[in-house]
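**Student:** I'd like to ask some things about the structure below.
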Amino acid sequence: MPELPEVESVRRGLVDHLAGRRVTEVEVCHPRAVRRHPAGAADLRARLVGRRLGEPARRGKYLWVPVADDDQALVAHLGMSGQFRIVDPGSARHPHVRAVLGLSDGQELWFVDQRTFGGLAVEPVQDGVPCSVTHIALDPFDARFDLAATVDRMRRRRTEVKRALLDQTLVSGVGNIYADEALWRSRLHPRRPTAGLTRAQARSVLVDARAVMSEALAVGGTSFDALYVDVNGGSGYFARSLSAYGREGQPCDRCGTPIRREAFANRSSAFCPACQRAPRRSPGPPSLRLRRSSDRGRVRGSRP
DNA sequence: AACCACACCTGTTCGC
DNA sequence: TGCGAACAGGTGTGGT
């Protein structure tokens, strides 16, 4: 699933192919791919054809390509399964191609997306950021990312630490895989209340999130299957370095205890039950206690 | 204002 | 063997 390291790998792959090139044609193959462009496919096409593209940029999991000499950008979110591919013209169409851009060097840019959670839009840009990205927090790779301020904001939340890590308005770029990895590294249970974290713990999990994403980026991201590949169709190699995510039942790299998986907020959490001890159910504010006991998920998919 | 559950999708895997 | 349920999960929205 594309999280920050995967999106950044894609962005880097696009730079040489898009910056300075003109868009010669736009074909929208699936209406859902442009659902976040309210004016529709024809309008999106009209805003791009004949225009020159700038250098691809990114914040969190959002990717955008500025339109040169204009205050607009082509904004993309890869969702769960989105890909950009640079291909030779006339290549046999991948079954999940949702949009095709013709480029002035003769190549084609494909937006491929099996599950159609991703999409494209052309949006106005203000202060260098497309309008649908303004509500997204800075990611830990941004030079302006303020670690101390993010620590304070996290500790003021009344939620659980994993929910906070996944909240793109607090810190962006972290998804389920790297959240689980960061929590494992910091030895924090995913359900630990953020309000009960020390400054050092909150800082640790944010620093670990940045570190694990940096290591993943260095090897091209995490590929479990063909759903995440780079612009040339290549896989990333970080899956073999994961310590928690996808390792249910396998021994913890630190202590050997089998990794456990539990349902969590419509997804799953993988963690070491020995290294990452569950929070005590009390004390805590009554509201938090109530909420915690009422939405506890069932254990699913446990292996012998 | 802050927080949470859920809809949105489709290909694959699993259990019966 | 075949069928259907479960599962993967990021984001926007609407409800509390």
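For this note's numbering, add 1 to where a residue sits in the first sequence, where the first one is 1. Where is the CB? At the ideal position from N, CA and C, for every residue including glycine.
1. With distances taken from CA atoms, which of 271, 268, 191 is nearest residue 280?
2. Cβ of residue 244 within 8 Å of Cβ of residue 163?
3. What would DSSP say about residue 74, mapped onto helix, strand or coil?
4. Is residue 269 helix, strand or coil by DSSP?
5. Would you check if the distance between the CB atom of residue 172 and the CB atom of residue 199 is smaller than 8 Å?
6. Does the beta-carbon distance from residue 187 to residue 169 come in below 8 Å?
7. For residue 25, which three-state DSSP category applies?
8. Spell out a yes or no on whether the region 104-115 and the region 138-155 are touching, meaning 3 or more CB-CB pairs, one atom from each, closer than 8 Å.
9. Using C-beta distances below 7 Å, list every residue in its chain close to residue 124, excluding the 5 sequence neighbours before and after it, in chain order.
10. Which one of 174, 89, 221, 193 has the shortest CA to CA distance from residue 272?
11. Looking at residue 217 and residue 57, is the spacing between their C-beta atoms short of 8 Å?
12. Please report the distance separating the alpha-carbon of residue 47 from that of residue 55.
13. Can you tell me whether residue 120 is helix, strand or coil according to DSSP?
14. On a CA-only basis, which of 107, 147, 98, 233 is nearest residue 207? Give me that one, please.
15. Please list the segments of the alpha helix (DSSP H) lying wholly inside the region 145-187, counting only runs of 4 or more residues, in order along the chain.
16. Check this for me: beta carbons of residue 121 and residue 100, under 8 Å apart or not?
17. Ends of the alpha helix (DSSP H) at residue 14?
18. By the three-class DSSP mapping on this structure, what secondary structure does residue 115 have?
19. Between which two residues does the alpha helix (DSSP H) containing residue 202 stretch?
20. Considering just the uninterrupted stretch of the alpha helix (DSSP H) at residue 47, what are its terminal residues?
21. Report the rounded CA-to-CA distance for residue 85 versus residue 260, giving the unit in angstroms.
22. In whole angstroms, what separates the C-alpha of residue 105 from that of residue 15?
23. Whole angstroms are fine: how far does the CA of residue 70 sit from the CA of residue 63?
**Tutor:** Put simply:
1. If you number the first sequence from 1, residue 280 lands on position 279. Cα-wise, what sits closest to residue 280 is 191.
2. For the purposes of this step, residue 244 is taken as the residue at position 243 of the first sequence. For the purposes of this step, residue 163 is taken as the residue at position 162 of the first sequence. No.
3. In the first sequence, the residue the question calls residue 74 occupies position 73. In this structure, residue 74 counts as strand in the three-state DSSP scheme.
4. Counted from its first residue, the first sequence places residue 269 at position 268. It is a strand residue.
5. Within the first sequence, residue 172 is the residue found at index 171, counting from 1. Within the first sequence, residue 199 is the residue found at index 198, counting from 1. No, these two residues do not count as a Cβ contact at 8 Å.
6. Numbered from its first residue, the first sequence carries residue 187 at position 186. Numbered from its first residue, the first sequence carries residue 169 at position 168. No, Cβ-Cβ distance for residue 187 and residue 169 is not below 8 Å.
7. Along the first sequence, read from residue 1 onward, the residue named residue 25 stands at position 24. DSSP places residue 25 in strand when its eight states are reduced to three.
8. no
9. Taking the first residue of the first sequence as position 1, residue 124 is located at position 123. 73, 74, 76, 131, 132, 133.
10. To locate residue 272, count along the first sequence from 1; it is residue 271. The residue with the shortest Cα to Cα distance from residue 272 is 193.
11. Position 56 of the first sequence holds residue 57. Position 216 of the first sequence holds residue 217. The answer is no: Cβ separation not under 8 Å.
12. Working through the first sequence from its first residue, we reach residue 47 at position 46. Working through the first sequence from its first residue, we reach residue 55 at position 54. If you take the alpha carbons of residue 47 and residue 55, they lie about 17 Å apart.
13. By 1-based counting over the first sequence, the position of residue 120 is 119. If DSSP states are grouped into helix, strand and coil, residue 120 belongs with the strands.
14. As a first step, residue 207 must be located in the first sequence, where it is residue number 206. With distances taken between Cα atoms, residue 207 lies closest to 147.
15. 148-157, 162-167, 177-187
16. Reading the first sequence from its first residue, position 120 is the one you call residue 121. Reading the first sequence from its first residue, position 99 is the one you call residue 100. For residue 121 and residue 100, yes; Cβs fall inside 8 Å.
17. Position 13 of the first sequence, counted from the start, is the residue given in the question as residue 14. Taken as a continuous stretch (DSSP letters only), the alpha helix (DSSP H) holding residue 14 covers 5-19.
18. Position 114 of the first sequence, counted from the start, is the residue given in the question as residue 115. Three-state result, residue 115: coil.
19. Here residue 202 refers to the residue found at position 201 of the first sequence. Element bounds for residue 202: 200-219.
20. For the purposes of this step, residue 47 is taken as the residue at position 46 of the first sequence. Residue 47 -> alpha helix (DSSP H) spans 42-49.
21. Position 84 of the first sequence holds residue 85. Position 259 of the first sequence holds residue 260. Residue 85 and residue 260: Cα-Cα distance of roughly 34 Å.
22. Taking the first residue of the first sequence as position 1, residue 105 is located at position 104. Taking the first residue of the first sequence as position 1, residue 15 is located at position 14. Residue 105 and residue 15: Cα-Cα distance of roughly 14 Å.
23. Residue mapping note: residue 63 aligns to position 62 of the first sequence, counting from 1. Residue mapping note: residue 70 aligns to position 69 of the first sequence, counting from 1. Taking the straight line joining both Cα atoms gives about 21 Å.
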